[in-house]
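> Quick one: the structure is below, questions incoming.
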Amino acid sequence: MSEKKIPVIIDCDPGCDDTAALLLAFRCPEFDIRAVTTVSGNVSLDKTTYNALRVTEVIGTDVPVHAGADRPMFREPVYAPHVHGEDGLLGIGLPAPKKTASSVHAWDAIYREAEAQKGELEIIAVGPLTNLGIALAKYGDLAEKIKRIVIMGGAAQGGNVTPCAEFNIYVDPEAADLVMKSGIPLCVCGLDVTLKAYLTAAEIREIKAMGTPQGSLFGAVTEQNCEKVFCPAGAPLHDPAAVLFAAYPDLFTAQRCWMRVETAGELTRGKTVTDCWSDAQKEANVDLVLDLDRERFAAKVKALMAEY
Ligand code: RIB
Ligand code: CA
């Protein structure tokens, strides 16, 4: 590992798997996490922000939390309480946070940190991409200041909100397409890989058995998704897959391809249209992550959680 840490902002909508992603990210020695930014997604912005504050206090970090967009750029909000619970964390009784969110909006925090990091800042975006869409719209020179964005979102094939669309992209397709067109180096961890990035029930039990508050929280936010029809072998770790890709890309397989987002269709809203399954000759703009070594992924997740 090169000694220089990667300066990172985690943009999220906690959310259960976002919580698992935060737990893991703060134990990756590769990262210098500069901020957590929140967005409306799994639940409303007030709840995703409250959850980010509560979860970062369980983690034990004083990294700032910046609230961002309370709705998509051009559409009505879409939430997923049926997956994450009304409060976004399945009603598990985490203590109320002692700290409050920063008064600096997420999009302004992203720009300021991008400037401060002199082109080295990476964003791990695991919620709807509204904050990045707004930041790109507000700051014309932002794209040249961000080194890379690793996205949990989309799918070359299929979807989980509609047959065509994955939740993060479906919620705000216009913001997602602004990101796709931005020219920023992009790595996309869609359902193609995240449904393979699972932990088994036994592996989750191992983490819970570590006996730490963080291990208990990890178990509480992952076990409910175990062995469902969309992933019979275990619990898919959508957002943690993006975090681990950013830190340990050798666990994964990716290919260069072209990708844009459908924003005009009714049935196809939020589809990530990609040419990786065709011979269309378009200029590639993303590294699409399609596969991983699951055993090594699971071992790394356990090793990181054991660091608490
Ligand atoms: O489709 C999975 C994604 O949507 C994850 O980021 C999950 O947290 C939800 O936001
Ligand atoms: Ca998320």
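Residue numbers (my numbering): 739 to 1046. For each residue, glycine too, the CB sits at the ideal point set by N, CA and C.
Hey, VAL999 and ALA914: beta-carbon distance below 8 Å or not?
One-based indexing of the sequence shown puts residue 999 at position 261. One-based indexing of the sequence shown puts residue 914 at position 176. Contact flag set, yes.
> Does the segment 790-797 come close enough to the segment 1006-1022 that 3 or more CB-CB pairs lie under 8 Å?
At 8 Å Cβ cutoff, the stretches do not touch.
> Given LYS743, which residues of its chain have a CB within under 7 Å of its CB, disregarding the five upstream and five downstream residues?
Here residue 743 is taken as the residue at index 5 of the sequence shown, counted from 1. These residues qualify, in order along the chain: GLU768, PHE769, ASP770.
> I'd like the list of long-range same chain contacts for ASN1023, defined as Cβ closer than 7 Å, with 5 residues on each side in sequence excluded.
The residue labelled residue 1023 in the question sits at position 285 within the sequence shown. Counting only Cβ-Cβ distances below 7 Å, and skipping sequence neighbours, we find MET918, LEU924, TRP996, MET997.
> Can you find at least 3 beta carbon pairs, one from the segment 817-831 and one from the segment 746-757, that sit closer than 8 Å?
At 8 Å Cβ cutoff, the stretches touch.
> Taking DSSP as the reference, what is the three-state secondary structure of ALA773?
For the purposes of this step, residue 773 is taken as residue 35 along the sequence shown, with counting starting at 1. Note: ALA773 maps to strand in three-state DSSP.
> Taking the C-alpha atoms as reference points, what is the distance between LYS885 and ILE747?
Position 147 of the sequence shown holds residue 885. Position 9 of the sequence shown holds residue 747. Cα to Cα, the separation comes out at about 12 Å.
> Assign THR775 to buried or exposed, taking buried as 16 or more other Cβ atoms, counted over all protein chains shown, within 10 Å of its Cβ.
Along the sequence shown, read from residue 1 onward, the residue named residue 775 stands at position 37. Buried, by the Cβ-count rule.
> Near ARG772, which residues of its chain fall below 6 Å by C-beta distance, leaving aside the five closest residues on each side in sequence?
The residue labelled residue 772 in the question sits at position 34 within the sequence shown. Once the five neighbours on either side are set aside, the close Cβ partners of ARG772 are PRO745, ILE747, GLU851.
> Can you list, in chain order, the stretches of the alpha helix (DSSP H) that have 4 or more residues and sit fully within the segment 890-960?
If we require 4 residues or more, the alpha helix (DSSP H) runs fully inside the segment 890-960 come out as 905-909, 911-918, 929-932, 939-946, 951-960.
> Whole angstroms is fine: what's the gap from ARG943's alpha carbon to GLY957's?
As a position in the sequence shown, residue 943 is number 205, starting the count at 1. As a position in the sequence shown, residue 957 is number 219, starting the count at 1. Their Cα atoms are separated by approximately 7 Å.
> Between VAL779 and ligand 2, is there a pair consisting of the residue's CB and a ligand heavy atom that are separated by less than 7 Å?
Residue mapping note: residue 779 aligns to position 41 of the sequence shown, counting from 1. The displayed chain sequence assigns Gly, not Val, to residue 779. Under cutoff, so the answer is yes.
> Rounded to the nearest angstrom, what separates LEU989 and ILE862 at their Cα positions?
Within the sequence shown, the letter at position 251 stands for residue 989. Within the sequence shown, the letter at position 124 stands for residue 862. Rounded to whole angstroms, LEU989 to ILE862 spans 17 Å at the Cα level.
> Using only alpha-carbon positions, find the residue among PRO911, ASN963, GLY953 that is nearest to LEU933.
Translated into the one-based positions of the sequence shown, residue 933 becomes position 195. Checking every option, the nearest Cα to that of LEU933 belongs to ASN963.
> Thinking just about the alpha-carbon of each residue, which of PHE968, LYS966, ALA940 is nearest to the one in LYS1040?
To locate residue 1040, count along the sequence shown from 1; it is residue 302. Among PHE968, LYS966, ALA940, the Cα nearest to that of LYS1040 is on ALA940.
> Just to confirm, does GLY826 get its C-beta within under 7 Å of one of the non-hydrogen atoms of ligand 1?
Here residue 826 corresponds to residue number 88 of the sequence shown, with the count starting at 1. The answer is no for GLY826.
> Take ALA935 as the anchor and find which of PRO752, ASN898, PHE983 has the nearest alpha-carbon.
For the purposes of this step, residue 935 is taken as residue 197 along the sequence shown, with counting starting at 1. Checked all of PRO752, ASN898, PHE983; the closest Cα to ALA935 is PHE983.
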